[in-house]
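Below is one structure; the comments refer to it alone.
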């Protein structure tokens, strides 16, 4: 019935105007029919979509967003126009569904590439055999590879519901190569309708499953590397103070916390200058290093040096210092979490090429930062005068002293260096963890585990240890849950220490006795 | 690595006599407290319910301190996980107390504790079997910490993990247990733990009578542990332990089985801590995973350090004095308590390595 009315309207439009204006008036007639009932709306929407007329796009979009209005007399208000007493045209789910398809078809010829991509995705979802010629035409003109790939998928999805066997077979193969969960759902659905192509479909689903498994493995690996880089940052400072100097510093976590709070303070200082605010995070890195290094130097000179050779006492004492630092920060900044913003270049998600693993930018930056800090620490110890003196004091304090090295100064600097690295770790952690007074307590045990696992005194061991523990943790997580994975790793570490009490990278020869 | 320890040699001569007299006097005074609690409220010597509750709690802390002292002060095993043994003992007795609630819970289920009904457990998990019986629960309060200590200790001592490595290992142990007990699906009440207990051994908790009974039970346990520790430390076994503490490798080369000695004292110490936890929970009326937090264990270690490790009286003195200070300060100025506690850690290690007992005995400082 409705179909006849529209046909009649169209005829009327054609009859009352000359042929030159016929097209435009047909369009106008269709648009004015949008004010009708839901079934008529759906019909008109589909026609507008099929017309490929660029003018239809803003109108349909307005309709789908509830912005299209009609006057009390029933005529449609063109978007952008003002009309007194107009009310929004309401639509129902059926119209909405028609709109999705129509918008997709119109968008697919849009000059804006982002819009074309979105359209290809929409057409993929709405899939109907009618879209095939449309997609073929769009594909012929498309130059951007990413959009082409999406359009090919949409075409394959549309051909899957078409009739031609050989085309269907090619479409199934194309969908199987996509590695997309949507395509998998589509194929599962198509199984019932295409008993003849069952083996092709099963093979395609298996291919998708393989790709998905690879992608999941990639995601787990990335998460593991991300956790590993956090552990690396937290443990690197400890690898210097505990691993190299042999000082057990339970306040290490609090130095990390100090670094995070320094980041917060630097950000607040930058708040007055808008262009500086975006760079407050890089600015905070040296600031956090300095603050934590000064705190470390004060701790070493003031307290720890009186307890050299008494590790258990050092442990207890530094725990007390950590407690005081934590409470001091709690009094100064309050117990609630402080917010540290991420600069815009650290926000968002990237998709890695080839395997399509999504990675969050801030995690990626932290991995890069962790590796960078590691390289810096290694370089500082290996290539600088300070590093040389540090190694000399560790190897033989007395001979180093007779050679004119001021061992006390080197001790203080080494400890300050390790503490400063903890401060830099705090900058990174402020991006992914709550900046609160007890930020550090969660990392201290893990950090010790990393250092012990990797081998006390070996920086390379710390690197390998951190990433191994990170990845193992994340691999176990889906099976065991986050907490049990942690427990399992702790237990596994205890067992590992049974086999290699001196860690993965045990020092050999004379250094082992030092 | 051999940790050079500065543990006090037990005081000798007059200091020793003084110490014993003070100790005996203090215990006698403690024994009188519940009786004084029965005096009318306006009597001059009346002791409030609060004082009884707090002192009873401290007595269990003193047992914990004693257990740490036995392992650390005498055998040089600095465990930062004794809070875990304490909490496990507490959970064992807590399970019994939960079973005794019976149909009096909010949901009125005859068998399952409230949290299990809430989480939709169909029936009591196997590891809850038997906890309806008090002797079994008490046995488990000793056995479970002992077993954990046996496994961890065996793994650690066998590989000659000593000093700070062992400390970190035990800290990781209690940390892992804390994470595990926070989980709801462990079947131990998740982060709420157990509370709302009704009765123990047929006597309703939260009455003066129950408080007095628990108080005397704790005091008796403390005296028993003190006697046991005194016997051990005075024996040849005790001498070997001190030798291990001061020169582990030398003791090993002299032919003593260091691993077995350490294992023995570690397990015994864990069981004492479990007993302390079992006495603690009915008195405070709650146990939750927070008891496993590494901070608790290390705080208990500091009690011993404050009192003077390597002397049994020191452990008691430290537990009572630090906790008295804590109770007072957390009511007067709670925000300063952590500063003070941190300060105690620093001051004791730097200036008072032999603790308060060391002050009594200036002569022996030079060793």
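Protein chains in written order, with our numbering: chain A, 1 to 514; chain B, 1001 to 1367. Note that the Cβ used here is the ideal one computed from N, Cα and C, for glycine as well. None of the values given here were measured: they were computed from a predicted structure.
Practice task
With residue 359 of chain A as the anchor, note down where its alpha helix (DSSP H) starts and where it stops.
Solution key: For residue 359 of chain A, no alpha helix (DSSP H) run applies; the uninterrupted beta strand (DSSP E) run containing it begins and ends at 358–360, by DSSP.
Problem - Interface partners of residue 327 of chain A on chain B, CB under 8 Å - result: 1335, 1338, 1339 and 1342
Exercise for the section: Using three-state DSSP, classify residue 349 of chain A as helix, strand or coil. Expected result: strand
Handout entry: Rounded distance between the beta-carbons of residue 428 of chain A and residue 230 of chain A, thought under 8 Å
Key = Sure, about 7 Å apart at Cβ, within 8 Å.
Practice task
Could you work out which residues of chain B lie near residue 452 of chain A, taking near to mean beta carbons separated by less than 9 Å?
Solution key: 1165, 1168 and 1169
Practice task
Compare the C-beta of residue 1301 of chain B against all C-beta atoms of chain A and say whether one is closer than 9 Å.
Solution key: Yes - at least one Cβ of chain A is within 9 Å of the one on residue 1301 of chain B.
Problem - Inter-residue spacing [alpha-carbon to alpha-carbon] between residue 52 of chain A and residue 150 of chain A - result: 20 Å
Practice task
Please state whether DSSP places residue 435 of chain A in a helix, a strand or coil.
Solution key: strand
Problem - Neighbourhood of residue 68 of chain A by C-beta, 6 Å cutoff - its chain only, sequence neighbours within 5 removed - result: Hits under 6 Å: 62 and 89.
Problem - residue 1167 of chain B, buried or exposed, once every other Cβ within 10 Å from all chains shown has been counted against 16 - result: buried
Practice task
Mind checking the segment 292–325 of chain A against chain B and listing, in chain order, the residues whose C-beta falls within less than 9 Å of any C-beta there?
Solution key: From the segment 292–325 of chain A, only 303, 306, 307, 309, 310, 311, 312, 313, 314, 315, 316, 317, 318, 319, 320, 321, 322, 323, 324 and 325 have a Cβ closer than 9 Å to chain B.
Handout entry: Selection of the segment 1178–1194 of chain B by Cβ proximity to chain A, strictly under 9 Å
Key = 1179, 1180, 1182, 1183 and 1185
Handout entry: Member of A/295, A/285, A/415 and A/112 whose CA lies at the smallest distance from the CA of residue 143 of chain A
Key = A/112
Exercise for the section: Check whether the Cβ atoms of residue 225 of chain A and residue 367 of chain A lie closer than 9 Å to each other. Expected result: yes
Handout entry: Residues sharing a beta bridge with residue 1219 of chain B, DSSP
Key = Answer is none; residue 1219 of chain B lacks a bridge partner.
Practice task
Return no unless some Cβ of chain B is closer than 9 Å to the Cβ of residue 481 of chain A.
Solution key: yes
Problem - Within 9 Å, strictly: CB atoms of residue 128 of chain A and residue 156 of chain A - result: Result no, Cβ atoms of residue 128 of chain A and residue 156 of chain A do not sit closer than 9 Å.
Problem - Beta-bridge partners of residue 88 of chain A, as assigned by DSSP - result: For residue 88 of chain A, which the question treats as bridged, DSSP gives the partners A/69.
Exercise for the section: Please confirm if residue 1159 of chain B has its CB atom under 9 Å from at least one CB of chain A. Expected result: yes
Problem - Residues that residue 486 of chain A contacts on chain B, provided the C-beta gap is smaller than 8 Å - result: 1176 and 1179
Problem - Meets three-Cβ-pair contact criterion under 8 Å: the segment 1040–1047 of chain B and the segment 1253–1269 of chain B - result: no
Problem - Range of the contiguous alpha helix (DSSP H) that encloses residue 385 of chain A - result: Unbroken alpha helix (DSSP H) run through residue 385 of chain A: 385–395.
Exercise for the section: Use the C-beta contact count for residue 124 of chain A: other C-beta atoms within 10 angstroms, 16 or more gives buried, fewer gives exposed. Expected result: buried
Practice task
With 9 Å as the threshold, decide whether the Cβ of residue 230 of chain A is near any Cβ in chain B.
Solution key: no
Handout entry: Spatial neighbours of residue 1110 of chain B in its chain, beta-carbon cut-off 6 Å, leaving aside the 5 residues before and after
Key = 1103
Exercise for the section: Out of B/1155, B/1203 and B/1348, state which residue places its alpha-carbon closest to the alpha-carbon of residue 493 of chain A. Expected result: Looking only at B/1155, B/1203 and B/1348, the smallest Cα-Cα distance to residue 493 of chain A is reached by B/1155.
Problem - Closer than 7 Å at the beta carbon, the chain B residues around residue 245 of chain A - result: Under the 7 Å cutoff, chain B gives no residues; its nearest Cβ is about 13 Å from residue 245 of chain A.
Practice task
Taking only beta-carbon positions, decide if residue 448 of chain A is within less than 9 Å of chain B.
Solution key: yes
Problem - Residues near residue 1058 of chain B in its chain [Cβ-Cβ closer than 7 Å; skip 5 each side] - result: Excluding sequence neighbours, residue 1058 of chain B sits near 1319, 1320 and 1323.
Problem - C-beta contact flag for residue 1345 of chain B and residue 317 of chain A at 9 Å - result: If you check the CB distance, residue 1345 of chain B and residue 317 of chain A come in under 9 Å.
Practice task
Decide if residue 510 of chain A is buried, meaning its Cβ has at least 16 other Cβ atoms within 10 Å, or exposed.
Solution key: Reliability of the predicted coordinates at residue 510 of chain A is poor, the pLDDT of 43 falling under 50, and no value is obtained from them.
Exercise for the section: Please state whether DSSP places residue 1004 of chain B in a helix, a strand or coil. Expected result: Confidence in residue 1004 of chain B is poor, its pLDDT being 43 and thus under 50, which makes the residue's placement too unreliable to answer from.
Practice task
Give the secondary structure of residue 245 of chain A by DSSP, where H, G and I count as helix, E and B as strand, and everything else as coil.
Solution key: coil
Exercise for the section: Rank B/1350, B/1288 and B/1063 by C-alpha distance to the C-alpha of residue 1178 of chain B and give the top, closest one. Expected result: B/1288
Practice task
Determine the burial state of residue 1181 of chain B: buried for a count of at least 16 other Cβ atoms within 10 Å of its Cβ, exposed for fewer.
Solution key: When all chains shown are included, residue 1181 of chain B counts as buried.
Problem - Residues near residue 1113 of chain B by beta carbon distance below 6 Å, same chain, minus five either side - result: 1098
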